[in-house]
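Numbered according to this note's numbering, the sequence shown spans residues 19 to 310. We treat Cβ as the ideally placed atom computed from N, Cα and C, and that holds for glycine.
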Amino acid sequence: MFSAAPLLPHIRYMSAFEATQFVPFYIGQQLAGYIHHEQLGWLQPYPEVFQLGGKRVELHPRLASPELRTLAVQAVVEEWVAAGMLKKREEWYDVLSHWGAPPLMRIMRGAHRIFGMLSFGVHVTGYQHNEQGLKLWVGERSKEKMTYPGKLDTFVAGGRSSGLLPTRVMVKECGEEAHIPPEIAKTARAVGAITYCRQLQSTLERDTMFVFELKLPGDCLPVPDQVEVADFHCLPAEEIYHLMVHSRKFKDNCHLVLIDFFIRHAFLSPDDPHYLTLLRGLHQSLFPPQIS
């Protein structure tokens, strides 16, 4: 049985933000994000797109359709990319007011962070169980990755591109990152979702991670794509816990996914006084009432 107390710093780190540094961002009547005060200067040169006033930012009301909003914001984003303020990404995200809502617009991945928009992705915990106990497969991120290069990651993970549902993303990422055949990937169980809201420098991350578990057959070995993933490691649960407590080798949000796994597989006990604190930390509000 693992102790919950050493895991609490991960919960605190993934829920820390300074509310006074952000203002809400609206598209029409919908709350679409939260923008850091430092980023307001990025928006001021574009009054035909963004209206700054008082304690909020609004997308210009003349941009009344998802298509017009997408075109106008993307033109601004391309100027930021050309100026070296953002890196170009060849992937689009839907901008949602909440999960299940129709998209308000689309935006280039990476640019959504500037606006503190909701982000959705999948994390797959791959594991094997045999006479030696339970072992988890973890990925080692490529050193060429734009974010968290060389860090350890969950078995398979990826953001939800525009128009894709979580299960489709899960199967796609299993194939692309680990060469897991679709017939095996589709045996993964959806086991819930994790939400967190934390400040990362001058952005507010408001992320939902749809979590899947995949029990891999003994003869199914993941093969890294050498683009996103450099290698895979199969480690005992005890070693994973040790790495979480005594190192910073894992990508930040992976700690939440692994805590969730430890709870589900009874490595953490409800008798532990910090058990409920961990649980609450896995399901944070994405609409902080402190920012208004």
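- With respect to the 7 Å criterion, Met-188 and Phe-230 are classified as neighbours on the basis of their beta carbons.
- Secondary structure of Asp-278 (DSSP, three-state): helix.
- Taking the CA atoms as reference points, Met-19 sits about 9 Å from Glu-256.
- A distance below 8 Å between beta-carbons, with the five flanking residues on each side excluded, links Leu-297 to the following residues of its chain, in chain order: Ile-281.
- Its chain contains Val-99, Gly-128 and Met-164 as the residues whose beta carbon lies nearer than 8 Å to that of Lys-105, once the 5 sequence neighbours on both sides are disregarded; these appear in chain order.
- Assignment of Cys-238 by DSSP, reduced to helix, strand and coil, places it in the coil class.
- Asp-289 counts as exposed, since fewer than 16 other C-beta atoms from the protein chains shown sit within 10 angstroms of its C-beta.
- Leu-136 and Leu-170 do not touch by the CB rule: their CB atoms are close to 26 Å apart, not below 8 Å.
- Annotation for Trp-110: the continuous beta strand (DSSP E) segment containing it runs 110–113.
- Three or more Cβ pairs closer than 8 Å define a contact, and the region 258–272 falls short of that threshold against the region 235–245.
- It is roughly 6 Å from the alpha-carbon of Pro-121 to the alpha-carbon of Asp-112.
- Here DSSP, grouped into helix, strand and coil, assigns Trp-98 to helix.
- Glu-191 and Ala-175 do touch by the CB rule: their CB atoms are close to 7 Å apart, below 8 Å.
- Contact check for Val-142 and Phe-173: beta-carbon distance about 5 Å, within the 8 Å limit, so the pair qualifies.
- Ranked by how close their Cα comes to the Cα of Arg-74, the residues Cys-252, Gly-134, Phe-250 and Gln-146 have Gly-134 in first place.
- Put simply, the backbone Cα of Val-245 is about 8 Å away from that of Glu-162.
- Taken through DSSP and simplified to helix, strand or coil, His-55 comes out as helix.
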